[in-house]
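Engineer:
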Amino acid sequence: MPVKTVQALFAALMVAFLIIPLIVILPLAFTNSALLVYPVPGWSMRWFRELVENDAWRRAIVNSLIIGGGTTVLATVLGTLASLGLRQRLPYIGAVLRTLFMLPMVVPAVVLGIGMQILLAHLGLANTYAAVIIAHTVIAVPFVIISVAGALAGIDKRVELAAASLGASPATVFRRVTLPLAMPGVLSGAVLAFATSLDEVVLTIFVAGPNQRTLARQMFSTIRENISPAIASSAFLFIVGTVVIGALVLAVRSRAPKAAA
Amino acid sequence: MKKRVLSPRMGAFLLVAPLFFFIALFFVWPLASVMKQSVSDTAVLHILPKTAEAMSDWDGESTPSPTLQQALIDDLRAATDEQATGDMVRRLNSAQSGFRTLMAKTIKAANEAREGPVDLLEIDKKWAQPQYWKAISEALSPVTDRYLLASLDLTRDASGSIVSQPPEAAINTAIFSRTLWISALVTFFCVVLGYPYALLIVASTGWKRQLLLAAVLLPLWTSLLVRTAAWFMLLQEKGLINELLQTLAFINEPLALIFNRTGVVIAMTHVQLPLMVLPIYSVLLTIPKNLMPAAASLGAHPIRAFWRVMLPLSFRGILSGSLLVFMSALGYYITPALIGGAGDQMISYFIAFYATETANWGMASALGLVLLIITILLYAVYERLSATRERSA
Amino acid sequence: MVDIRIRFDSVSKNYGPVRVVDNLKLDIAKGEFVSLLGPSGSGKTTLLMMLAGFEEATEGQILVDGRAVNDLPSYKRDMGVVFQNYALFPHMTVGENIAFPLQMRGIGKAEIAERVARALDMVQLGHLAGRKPSQLSGGQQQRVALARALVFEPRVVLMDEPLGALDKQLREQMQLDIRALHNRLGLTIVFVTHDQGEALTMSDRIAVFNKGKIEQIGSPRDIYDEPKTRFVAEFIGETNLLEGVVDRTSAGDALVRLTNGEAITVTDAQGLTPGQPVFISIRPERIEVQDAAIASTGANAFATRVADSVYQGDHIRLQLEDGAGTPYIARLDRKSAEWPKGTAVTAIFKPADCKVVLP
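Residue numbers (UniProt numbering), protein chains in the order written: chain A, 1 to 261; chain B, 1 to 393; chain C, 1 to 359.
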């Protein structure tokens, strides 16, 4: 076989391997069967109705939105402030802090989960929304920092100096120049924080009580215990959400002004 | 003259402070408690504080003094938390068999007498044997290495020296090597599939490159749980793969793809593949396009040119991709839990099992600590690698 | 009595152990165009940054109109700065960029609109007010930056290599444009550059920087024709630099014995003492070349050979070599005779064109 054909074949197989699993789950969301199998005998919205009408699923969706929202706000505020602080050259300490803030991304979730369960129980926060929001924020913060610090690094220091030389006080420089230029980074950081919270299962297992069961946690137990097409319909929501969020991020990014020159 | 309220550095510290305290409290502290749990052993000390005090006067051989005996009785009378008492008994029994019945008897007797002295030797002759007191004395120490030793399948024998666990109790090294093996397999498949794929992305242009990149990024952005659920549906006995193969009459019996090692490795490779492709891709982008033609013009056969030019230049990308994949594969919990069988569970599963099912925090923490140390070491190597890349760039 | 606008009074700047500006004194008059010229790392940009208030002086005072500004933050200094990469606000339109300094000064909307329009007209960009900087060419961005720095009529305009990123043709056009603006508006301009041609074209005075100090300051003509040091002679334009020792002096003249054995007489030799090591600088266009058969040799006339001759359109560049192998560069009028490679010629150095510079 000529090299070109082999390459094209390999590329096609790889794209199929990467994408097909995401696609095959979508039609199953609309099955009218109680089984999660192909071929789909008929189409219906019954499993989306299930998500809305079944207490456990509805509650899980609401919980995910509450916890995701709380995580987004907390992680974005903390991460953005810290990124602004880390802009200043802090010899040694700066690098140490940056590494420290990145570590939650690396530490195995189960290990962190054990420690959090011990600590949060100790603080009397076990099985509360606050506990889950705190846990999710810890692992969402690195994404906010990467995103915001990236945006801040893209700002030419001289643009801020220029504003100062034109008569803008430090507060005005921040409000009129730094913040607007960092905004796309802050927004995509917020989106990533929300996505992280939405997808989190392991920490949730450790720190959430039955009342804080999130959609991801609910999917996890459903797959484990009594597999139902409701999984496919919630996965459908996840994928549609991902596409919408991804499009939003891209829109924000493309609206972001490119540095002049 | 200077009206500056804050130096820029002070301002920076103030901005970083909230996150710093948040992370210190909710990230560093939990990990520190894991470390502490892994060496802490307060089940006995918690119930027997007075005994601990009186024990310091005991010579370790003679029959304990009435004061010590009375301290034990007082402690047992004061113990109201049944679960904690149970923990204490279990802990003692694991050090010295016979404690379970002995303690049950003694607690009953102590509570029946309500108050006043009780002669322990009257309750049970065993209290005259120093080994029981010795076991209590040793178990009173708040620090222990037995969980950490156990996580490596080691224990201390009667004389206190470190020996291997008896084979029937030695399961942890098997779990660790299984975890390392699955992670290595996944890393291997990611390299084998990811490196040529990254080369293809770089070699292609226009919409083809966009498509190839999108195929990597889309799974990366999709929820891990959704991807695992998707593989669950694909791999199950009546899943799409088996149905398809049977319809095409390639096979008669459905293949066993789920609840076994094959399924776990397939699903994990799919999930981890973007983590391999992207670092390699970004390194490949920095390699000038004209190097391969240059090598060819200097008389190198394409395979030789690849071997001598492309591979060495992209090796760093392969290395950081591999570290990233291996490192995050080690901590996997969800995918093996949903796709794997009993024999495919990785270390995280057992950590969670000890913590949530048996409330054995010491064991869970010790295993967690080992996993944490391995991960952090790998991360340090990875960081070093990317730091040198930044410097050389 | 000239009106001093800016005074650097013994200003120094240290970065850790490194002293980048060393006890520098410089006065700049109102309406003057002064270029700070020097290689990178010579301290010229640091001086500008201190003037703008972006860096603090380690020692000394900077005075503007007689008032020390050391403790004044940059936003209160009233100086228009044009940066090397323009530093336009990428998220604002051209019009918003230019309006920014006026808004900072609390000027009313109507007046802002009028002044922005006038500033845009001044740089011939009236039609681009609504564009974002990223949609402009480099030259257009440069003009916006200029308009933004001038619109609020600052006391001083500071320019940090503002033309460095433009291509040659555009750069030369902008040089003339900025010079014209300077003349028309009577601006006080401090201009940092490492391009000697640019400094010669634009400036009233040039301060040549080397290692944190001003090596020489003067009009472009002074700097080019009367370099005082070897550094200035070599940094500005092309020159032949001949090493030697003062042999004897008499009535303002001196005879310098060169290391290659030749001797050169120089005029304007006050202050030289016999035995003193010096360099002789002579510009290539000042060397006269004659047929060896006609001209005699001796002091200031060396027997040389044409090592190479390059026709460069507006002039001919001759590479000469004497018996000892010392190379000389001569620049001849394009209409002068052709000297083929290998021809024996006499190079004549007029005493008045030979400048003694200190090592």
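Ideal Cβ placement from N, Cα and C applies to all residues, glycine included.
Note that the coordinates shown come from a computational prediction; the quantities given were computed from them, not determined experimentally.
1. Evaluate C:Gly186 with the Cβ neighbour count: other Cβ atoms within 10 Å of its Cβ, from every protein chain shown; 16 or more gives buried, anything less gives exposed.
2. Which runs of the beta strand (DSSP E), 3 residues or longer, sit entirely within the region 265-327 of chain C?
3. So the beta strand (DSSP E) A:Gln218 belongs to, where does it begin and stop?
4. Checking 7 Å against the spacing of the C-beta atoms, do B:Leu234 and B:Gly263 come in under that value?
5. Between A:Phe101 and C:Gly218, what straight-line distance do the alpha-carbon atoms span, to the nearest angstrom?
6. When the Cα of C:Met263 is compared with those of C:Arg248, C:Gly271, C:Gly252 and C:Leu272, which residue comes out closest?
7. Residue 400 of chain B to A:Val107, Cα distance in whole Å?
8. What separation, rounded to the nearest whole angstrom, lies between the Cα atoms of C:Ala303 and C:Ser281?
9. Helix, strand or coil: how does DSSP classify B:Met346 here?
10. For B:Ser328, list the residues DSSP reports as bridge partners.
11. Around the C-beta of A:Asn226, are 16 or more other C-beta atoms found within 10 angstroms, so that it is buried, or is it exposed?
12. Are C:Phe209 and C:Gly43 close, meaning C-beta to C-beta below 7 Å?
13. From this set, A:Asn54, A:Leu250, A:Ile25 and A:Met14, which residue's C-alpha is nearest B:Ala215's C-alpha?
14. Going straight from the alpha carbon of B:Asp119 to that of B:Arg100, what length do you get?
15. Please report the distance separating the alpha-carbon of B:Met1 from that of C:Gln61.
16. Verify the CB distance criterion: does A:Ala168 have a CB-CB separation below 7 Å to chain C?
17. Which residue or residues does DSSP assign as beta-bridge partners of C:Arg19?
18. Out of curiosity, what's the CA-to-CA distance linking C:Lys355 and C:Val266?
19. Quick one: any contact between the region 110-118 of chain A and the region 40-55 of chain A, if contact means 3 or more CB pairs under 8 Å?
20. C:Arg77 and C:Ala57 look like a contact to me (Cβ under 8 Å); what is the Cβ gap, rounded to whole Å?
21. Just to confirm before moving on: does the CB-CB distance between C:Val20 and C:Thr46 stay below 7 Å?
22. Quick check on this structure: which residue in C:Thr188, C:Ile214, C:Thr326 and C:Gln216 has the alpha carbon closest to the alpha carbon of C:Gly244?
23. Along the chain, where does the alpha helix (DSSP H) that runs through A:Asp55 open and close?
24. Measuring straight from C-alpha to C-alpha, what distance separates B:Ala366 and A:Leu65?
25. Taking all protein chains shown into account, do 16 or more other C-beta atoms lie within 10 angstroms of the C-beta of A:Ala260, making it buried, or fewer, making it exposed?
26. Rounded to whole angstroms, how far is the Cβ of B:Ser183 from the Cβ of B:Phe315, which I believe are closer than 8 Å?
27. Kindly indicate which residue of B:Pro302, B:Tyr333, B:Arg77 and B:Ser38 has the alpha-carbon position closest to the one of B:Ala51.
28. Decide yes or no for the touch test of the region 69-89 of chain C against the region 156-170 of chain C: beta carbon pairs closer than 8 Å, at least 3 of them.
29. Please go through the same chain and pick out, in chain order, the residues whose beta-carbon is closer than 7 Å to the beta-carbon of A:Val177, but skip the five residues on each side of it.
30. In chain C, which residues lie with their C-beta within 8 Å of the C-beta of A:Leu161?
31. Would you mind telling me which residues of chain A sit closer than 7 Å to C:Pro101, beta carbon to beta carbon, in chain order?
32. Quick check: the Cα distance between B:Pro312 and B:Pro279, rounded to an integer number of angstroms?
33. Output needed for C:Ser336: all residues of its chain with C-beta closer than 7 Å, excluding positions within five of it in sequence on either side, in chain order.
34. I want to verify the contact list: residues of chain A whose CB lies under 9 Å from the CB of C:Arg179, in sequence order.
35. Just the C-alpha distance for C:Asp314 and C:Asp222, rounded to the nearest angstrom, thanks.
36. Quick one: does A:Ile66 have its CB under 7 Å from some CB of chain B?
Structural biologist: Put simply:
1. exposed
2. The region 265-327 of chain C contains these whole beta strand (DSSP E) runs: 277-282, 287-291, 301-311 and 315-322.
3. No beta strand (DSSP E) contains A:Gln218, which is instead part of the alpha helix (DSSP H) from Leu215 to Arg224.
4. no
5. 56 Å
6. A small correction: the amino acid at residue 263 of chain C is Ala; Met does not occupy that position in the sequence shown. Selected option, being the one with the closest Cα: C:Arg248.
7. Outside the displayed range of chain B (1 to 393) lies residue 400 of chain B, so it cannot be described from this structure.
8. Near 19 Å, if we compare the C-alpha coordinates of C:Ser281 and C:Ala303.
9. coil
10. In the DSSP output, where bridge partners are listed per residue, B:Ser328 has none listed.
11. exposed
12. yes
13. Of the candidates A:Asn54, A:Leu250, A:Ile25 and A:Met14, the one whose C-alpha sits nearest the C-alpha of B:Ala215 is A:Met14.
14. 19 Å
15. Low per-residue confidence applies at B:Met1: pLDDT is 40, beneath 50, and the placement is therefore not dependable, though the value from the model is reported in the following sentence. Whole-angstrom Cα-Cα distance: 14 Å.
16. Chain C, which has a Cβ nearer than 7 Å to the Cβ of A:Ala168, makes this yes.
17. C:Asn14
18. 7 Å
19. no
20. That belief does not hold up - the Cβ atoms of C:Arg77 and C:Ala57 are roughly 13 Å apart, past 8 Å.
21. yes
22. C:Thr326
23. Asp55 to Arg87
24. 35 Å
25. Reliability of the predicted coordinates at A:Ala260 is poor, the pLDDT of 35 falling under 50, and no value is obtained from them.
26. No, B:Ser183 and B:Phe315 are not in contact; Cβ-Cβ is about 20 Å, not under 8 Å.
27. Position check: residue 51 of chain B holds Thr in this sequence, whereas Ala was assumed. If we check each option's Cα against that of B:Thr51, B:Arg77 comes out closest.
28. Short answer: they touch.
29. Val159, Glu160 and Ala163
30. Correct list: Ala52, Phe54, Ser74, Val81, Phe83 and Ala87.
31. Within 7 Å Cβ-Cβ: Leu166 and Gly167.
32. C-alpha of B:Pro312 to C-alpha of B:Pro279: approximately 15 Å in a straight line.
33. Ile316
34. Neighbours of C:Arg179 on chain A: none; closest Cβ ~22 Å, over 9 Å.
35. 24 Å
36. no
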